[in-house]
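Numbering of the sequence shown is given in the UniProt record's numbering, commencing with residue 1 and proceeding in unit increments.
Input: a single structure, listed below in structure tokens.
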Amino acid sequence: MQQVMSTKHAREPNPVDTTGLCLLSLDGGGVRGLSTLYILKSIMDRLNHERKKTANLPPVKPCELFDLIGGTSTGGLIAIMLGRLEMDVDECITAYSNLAAAIFSEKISQVPVNIKGKIKPRFDSAKLESAIRKAVAQSGVSETDLFNDGTERGCRTFVCTADRDTKDIVRLRSYSLIDEPNIHATICQAALATSAATTFFDPVSIGDRAFADGGLGANNPVDEVEGEASNIWCSETGDLKPLVKCFISIGTGNPGKTAFEDGIFKFLGQTVVDIATETENTEKKFIARWAKHFDESRYFRFNVDQGLQTIGLDEYKKKGAIESATGGYLTHTAQKFQVRDCIQNMKLKQIKTDPSFAALISKYTIRQHSGSGATIFGNVHWIVPRPVNDLFTGRIELLDRMKKALSTINTPPTDKRKIFVITGLGGQGKSEICLQVANLMRKEFWGIFWVNVDMLSTATDGFITIAETLGSAVKDVPSALRALAKAERNWLLILDNADTPDFDYQVYLPSGTHGAIIITSRNSECSQYNTVGAEVIKALKDQDSQELLFKAANLPQDSWSLYASQATEILHLLGSHTLALIQAGAYIARGHCKLHEYPNEYRRQRKRLLEFRPKQARSTYGDVYATFEASAYVLKQSKSEAASDALQLLGILSMLDSSILPLQLFQNTWEGCRKVLHTNRIEECGIDVTTSHVLQLPAFVMADDDEWDSYRLTKARDLLASLSLVTQHNLDGSPGLSMHPLIHAWAKDRQDLEKQGITWISTGCVLALSRFNTQWRTQERRLLPHVQTFVDIRNNREVSLGSEPIVVPILLECGWILLDMRQDSKLDGLLKDIFVQLGKKPDELSKEFLPLYNIQARSLVNLGHYKKAVKLLEQMVEVEEATLAKDDPDRLASQHVLAEAYQANGQVKEAVKLLQQVVKIRKATLAENHLDRLASQRALAIAYQANGQVKEAVKLLQQVVDIGEATLAKDDPDRLASQHTLAIAYQANGQVKEAIKLLKQVVKIEEATLAEDHPDRLASQHALAGAYQANGQVKEAAKLLQQVVEIGEATLAKDHPNQLASQQALAVAYQSNGQVKEAVKLLQQVVEIGEATLAKDHPNQLDSQQALAIAYQSNGQVKEAVKLLQQVVKIRKATLAKDHPSRLKSQHALAIASRQRTGERGSRARARGRDQRGYSS
1 MQQVMSTKHA REPNPVDTTG LCLLSLDGGG VRGLSTLYIL KSIMDRLNHE
51 RKKTANLPPV KPCELFDLIG GTSTGGLIAI MLGRLEMDVD ECITAYSNLA
101 AAIFSEKISQ VPVNIKGKIK PRFDSAKLES AIRKAVAQSG VSETDLFNDG
151 TERGCRTFVC TADRDTKDIV RLRSYSLIDE PNIHATICQA ALATSAATTF
201 FDPVSIGDRA FADGGLGANN PVDEVEGEAS NIWCSETGDL KPLVKCFISI
251 GTGNPGKTAF EDGIFKFLGQ TVVDIATETE NTEKKFIARW AKHFDESRYF
301 RFNVDQGLQT IGLDEYKKKG AIESATGGYL THTAQKFQVR DCIQNMKLKQ
351 IKTDPSFAAL ISKYTIRQHS GSGATIFGNV HWIVPRPVND LFTGRIELLD
401 RMKKALSTIN TPPTDKRKIF VITGLGGQGK SEICLQVANL MRKEFWGIFW
451 VNVDMLSTAT DGFITIAETL GSAVKDVPSA LRALAKAERN WLLILDNADT
501 PDFDYQVYLP SGTHGAIIIT SRNSECSQYN TVGAEVIKAL KDQDSQELLF
551 KAANLPQDSW SLYASQATEI LHLLGSHTLA LIQAGAYIAR GHCKLHEYPN
601 EYRRQRKRLL EFRPKQARST YGDVYATFEA SAYVLKQSKS EAASDALQLL
651 GILSMLDSSI LPLQLFQNTW EGCRKVLHTN RIEECGIDVT TSHVLQLPAF
701 VMADDDEWDS YRLTKARDLL ASLSLVTQHN LDGSPGLSMH PLIHAWAKDR
751 QDLEKQGITW ISTGCVLALS RFNTQWRTQE RRLLPHVQTF VDIRNNREVS
801 LGSEPIVVPI LLECGWILLD MRQDSKLDGL LKDIFVQLGK KPDELSKEFL
851 PLYNIQARSL VNLGHYKKAV KLLEQMVEVE EATLAKDDPD RLASQHVLAE
901 AYQANGQVKE AVKLLQQVVK IRKATLAENH LDRLASQRAL AIAYQANGQV
951 KEAVKLLQQV VDIGEATLAK DDPDRLASQH TLAIAYQANG QVKEAIKLLK
1001 QVVKIEEATL AEDHPDRLAS QHALAGAYQA NGQVKEAAKL LQQVVEIGEA
1051 TLAKDHPNQL ASQQALAVAY QSNGQVKEAV KLLQQVVEIG EATLAKDHPN
1101 QLDSQQALAI AYQSNGQVKE AVKLLQQVVK IRKATLAKDH PSRLKSQHAL
1151 AIASRQRTGE RGSRARARGR DQRGYSS
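Right, dumping it as structure tokens:
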């Protein structure tokens, strides 16, 4: 931030800008002092670059910039090199590195105490003295020169050391002070005295006094620098702060709080802990006292927070690690901004500060206050509700942008008022950002005024208070605004909580152009008021969110890295919501749970946790839920139709997932209503969607209208969005809504159990009736999480539900959706629940619930339970053949599914026969492009191929695909399924290139439209891998199959047929790629699972055994291969026709293996003969 200067009305520049004090404080820390130098180098390099770029000025050294440099221990050595020896930073780094290598290269003792228990040095003090003398001499100064040689220098330097007798901190100076004793020490003695660390070196004697490292008492010497500067420049008043232009404190990195391992006794180890603690405490206390300078970017503290904890004071060989950690620290965004602000401050520095500078500032201040018409430098009126929050974290870029946008310093007059608008979700910190801006810019504005405009009464009171402060007695807002406008001063007005929709906040904007205004609102439409900038507040960045959580939980900063993974889960759970993170941290800090326990606590007690009110950092509304409820209150107070619809929509969204919901769903629901009402469908068997379900729908669907009208839905959507309760999305021209996970949780939790049950029923009716439309087939990826969440609420018994005739049809329709989406395990759980609720057994057919058993049978097929599926479907078909006409769609559908179950169960001939019958009837009754007819033909073609009739399969599938391509969209699931099946038939027919081309096309579309773990997508990738392999592209095949298997391992049961098939295919690819041992291992696993779950004559099991036998053969296990193939051939001879391809392939494989085994026997016999002949000879 550019340092505050006089305003446009006060022409006289502030002397602090050019001649104010620049102070530098340097911590102790052994070899980690290199970190100090790397930080300082970054600052000086950038400063000199800026000086040359802006004014073509020559580079400066630290001694030419800083008026005072003070240091302790390591920092003291560096202070002497920079200030007294007047080195530049590069020279200092070289000298310091050489000095560290010379001193710490060899320990003279591993034990820090002698036999009497007294402390003894571990390093050679003579080497330290020699190294310092050498460094002094190389700088061109005599090693006998006094530290204070009487010469007046622009840069004053002092170092801290400790008196061995009194333990007091003593300052050794390069200059004289009238009221302070002058210790006559050479440069070398001063350097030795400040760096003689206890347990490392012997104490140093100067005259009759002995000194040691001052680290324990003043390792962070910032207080010493403040005191010394006060003695030099303002000894009479002690009021240093108005004189300081820039105060920089640099640490040697966060060392953690553990004792060094080579300290034998606890008190020696504890010394290190004490130093670390003292350094941190000094920093905190100093920032608290110098908060204004810190806020105004006139005080800077640089200290590497991570990466230096494991580096000891003496580990000089870790120079690279120190440089790396410091570089990482400086490249962090926060530090970049801090360095930038530091440079912006110091580049204005022109000349050294004279000791009489305090008097100069005093006269300047008097002139500013007495000057006619001049704007007073600094803040006079401060009406702000509370101080800044100590936990405030992040938002650096936004704060910087707002300061620039609202600043009047060095900006030309303008004819427009400066207005910045902040919008976003409640509890994300909009008001806290305003507090930060107000404090950061306090000195720039004559008056800063805060008005809460959430209600007319509070707004009126706020403006009247401002007018009274300005000396005007008014009774209404317009009069107060006129009083503020007449004050031709530089003021900032903050209008907080401008949240009410349809209210024109223009009425709260004063006339004129003198002031700047910030508006905060949940209503995104308020952004239109901005003239200099607007910001939609999003979640904090992950790193800032973690820092906020850790601070709120009161965790020690040096331990934050240990908790990173635990924090990540909490961040995800709370959506990085600012207030929620503070509440979570406060809950942990109060001892209610530990950090790693919070996620489970949240899942059990979500409502309690989000209503927990921290004692620190309280928001306007107290807690997260209260913050959101304030928006709901606006809707409830409205009592309009739109507000009522918005609350209903909010409830429905709470029963679905928080991810994007396509609003097209509600139009689909309306279309389903029309179909139900048109057929006057009433309750039939107790599991059908009826007119009773239509009556449960939200009013904005308007089920009775003859045409779909989205007006009420749109108004409700816009109203929720205006209050930041939902986020709007454009889904290829169609609207969608999503919710922050915490708003989603609140929207559900704000309803009691009875209300939740009613809302769940209404939402279920929306889903059930929407299934009459085909959108489910093309929007699976977006709609799936919503159905899953809705079903989970039921499965987890989270709500109190209504009557069975309403609930069961809803669950059954959800079951069909899950079936279409191949959510096999979730569907299985749902069906078990329905059977329990109805008191029926899933394996005993009940005629009045045929639709339920229909979906149960299909689920069994998908789960790989073929025998059970066949048994149940045969019962269903038998009942339907006795009660329904031959061409009845339900009867044909059941026969179709039974045929597919036959085929899956290895009963291929039965499948072909039944499907031929179904296809014949559908050809006679359905149009050529009817989906049911095409599906039956596709199924028949698959059965043909399984039966060895490949050419018939290709011919039939080409016909099906041609019709699909002429009538269906490119991404239609039926069209893709037909193309997939044709590609497999192509491959079986030897048309491998055609298969690859077609499968690539299918896979590309499915990757764009289906979830990663969708069975259809995985099946197509599996098929493409098979085609790759058939084409000799073995590596591509293996890579794709590995991906399919990995997804299957995460989503499917071990014995799922699809997973076993993928593993088998991967094993075959391994074998082709020369990875024979991997192939054998994987195939053995597949065969073992098959033996436990499939019949001996199941085609899948026989295929796996044959593949394993071939792998055995490649691995030299010919005997095992022959044995296994003999078993496969025996079964296939008993179950398949003589000319069946599978039977022929098995016989061929056995013949090859047998010949190989015979050849091996002959080779062994000949070998034995040679051995015998050789022996006899």
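Every residue gets a Cβ at the ideal spot worked out from N, C-alpha and C, and that includes glycine.
Is Gln696 helix, strand or coil by DSSP? Three-state DSSP puts Gln696 in coil, outside helix and strand.
The beta strand (DSSP E) with Glu881 in it runs from where to where? Counting along the chain, Glu881 falls outside any beta strand (DSSP E), though it belongs to the alpha helix (DSSP H) covering Tyr866 to Thr883.
If the criterion is Cβ atoms closer than 8 Å, does the pair Ile103 and Leu85 meet it? No, Cβ-Cβ distance for Ile103 and Leu85 is not below 8 Å.
Starting from the Cα of Lys847, find the closest Cα among Asn862, Glu878, Gln1063 and Leu818 and give me that residue. Minimum Cα distance to Lys847 is reached at Glu878.
Determine the direct distance from the alpha carbon of Thr759 to that of Thr691, and round the result to whole angstroms. Approximately 18 Å, taken between the alpha carbons.
Cβ-based neighbour list, Asn667, same chain, cut-off 6 Å, excluding 5 preceding and 5 following: It is worth fixing the name first, because residue 667 is Gln in this sequence and not Asn. Result list for Gln667: Trp708, in chain order.
Outcome for Ala927 when other beta-carbon atoms lying within 10 angstroms are tallied against a minimum of 16: Classification for Ala927: exposed.
At what residue ranges does the segment 138–222 contain a whole run of the alpha helix (DSSP H), taking only runs of 4 or more? The qualifying runs are 187–195 and 215–218.
Once DSSP output is grouped into helix, strand and coil, what is the label at Cys593? Cys593: coil per DSSP, three-state reduction.
One question on the structure: do Asn530 and Ile419 come within less than 8 Å of each other, judged by their Cβ atoms? Yes; because the gap between Cβ atoms is below 8 Å, this pair is in contact.
Distance between beta carbons of Gly815 and Leu831, contact taken as under 8 Å: Taking 8 Å as the upper bound for CB-CB distance, Leu831 and Gly815 are in contact here, some 6 Å apart.
When we look at the beta-carbon of Lys266 and count the other beta-carbons within 10 Å, is it buried (16 or more) or exposed? Since pLDDT at Lys266 reaches only 37, below the 50 mark, its modelled position is unreliable, and no value is offered.
With distance defined between alpha-carbon atoms, name the residue in Pro13, Ser431 and Ile396 nearest to Pro387. Looking at the Cα atoms, Ser431 is the closest of the given residues.
Inspect the CB distances between the segment 515–523 and the segment 547–567 and report whether three or more fall short of 8 Å. No, the segment 515–523 is not in contact with the segment 547–567.
C-alpha distance - Gln506 paired with Leu243, whole-angstrom precision: It is roughly 43 Å from the alpha-carbon of Gln506 to the alpha-carbon of Leu243.
Out of curiosity, what's the CA-to-CA distance linking Pro1015 and Gln1043? Straight-line Cα distance between these residues: approximately 13 Å.
Taking buried to mean at least 16 other C-beta atoms within 10 Å of its own C-beta, is Asp996 buried or exposed? One detail in the question is off: residue 996 reads as Ile in this sequence, not Asp. If you draw a 10 Å sphere on the C-beta of Ile996, you find 16 or more other C-beta atoms in it, and that means buried.
By Cβ distance below 8 Å, which residues in the same chain neighbour Pro15 in space, the five residues on each side in sequence not counted? Within the same chain, Pro15 has close Cβ partners Phe357, Leu360, Ile361 and Tyr364.
Throw me the rounded Cβ distance for the Arg933 and Ser978 pair, which I believe falls under 8 Å. At roughly 12 Å, the Cβ-Cβ gap does not stay under 8 Å, so Arg933 and Ser978 are not in contact.
Less than 6 Å between C-beta atoms, sequence neighbours within five positions excluded: which residues of the same chain meet that for Leu308? Same-chain partners within the cutoff: Arg32, Gly253 and Ala325.
Gln728, DSSP secondary structure in three states: Gln728 falls in the strand class under three-state DSSP.
Going by C-alpha distance, which of Ile494, His184, Asn490 and Ala983 is nearest Leu172? Taking only the C-alpha atoms, the option nearest Leu172 is His184.
Determine the closest residue to Thr19 out of Leu26, Glu64 and Pro58, with distance taken between C-alpha atoms. Across the set Leu26, Glu64 and Pro58, the C-alpha of Glu64 shows the shortest separation from the C-alpha of Thr19.
Does the distance from the CB of Ile494 to the CB of Trp450 come in under 8 Å? Result yes, Cβ atoms of Ile494 and Trp450 sit closer than 8 Å.
Between which two residues does the beta strand (DSSP E) containing Val532 stretch? Following the DSSP letters along the chain, one finds Val532 in no beta strand (DSSP E), marked with neither H nor E.
From this set, Ile232, Thr161 and Gln1059, which residue's C-alpha is nearest Pro355's C-alpha? When each option's Cα is compared against that of Pro355, the closest is Ile232.
Rounded separation between Val961 and Glu844 - CA only: Straight across, the Cα-Cα distance linking Val961 with Glu844 is about 39 Å.
Restricting to Cα atoms, I'd like to know which of Glu323, Ser803 and Phe790 is closest to Glu813. Relative to Glu813, the option among Glu323, Ser803 and Phe790 whose CA is nearest is Phe790.
Under 8 Å between the Cβ atoms of Ala857 and Leu872? Going by C-beta atoms, Ala857 is nearer than 8 Å to Leu872.
Would you say Gly736 and Leu661 are within 8 Å of each other, going by their C-beta atoms? Cβ distance < 8 Å, so Gly736 and Leu661 count as in contact.
Please go through the same chain and pick out, in chain order, the residues whose beta-carbon is closer than 7 Å to the beta-carbon of Leu82, but skip the five residues on each side of it. Taking C-beta separations shorter than 7 Å and ignoring five residues to either side along the sequence, the partners of Leu82 in its chain run Pro62, Cys63, Ile69 and Cys92, following chain order.
Alpha carbon of Ala943 to alpha carbon of Gly906, nearest angstrom: Their backbone Cα atoms lie some 10 Å apart in a straight line.
Need the endpoints of the beta strand (DSSP E) that residue 1240 sits in, please. For residue 1240 there is no data in the structure shown, the boundaries of the chain being 1 and 1177.
Per DSSP, what kind of secondary structure is Gln616 in: helix, strand or coil? Model confidence at Gln616 stands at a pLDDT of 48, short of 50, so the residue's coordinates are unreliable; what they give is reported in the following sentence. Of the three classes helix, strand and coil, the one that applies to Gln616 here is coil, per DSSP.
Under 8 Å, with one C-beta from each stretch per pair, do the segment 582–597 and the segment 550–561 reach the 3-pair mark? Short answer: they touch.
Under 7 Å Cβ to Cβ from Lys840, same chain only, skipping five residues before and after it: list those, please. The residues are Ser846 and Phe849.
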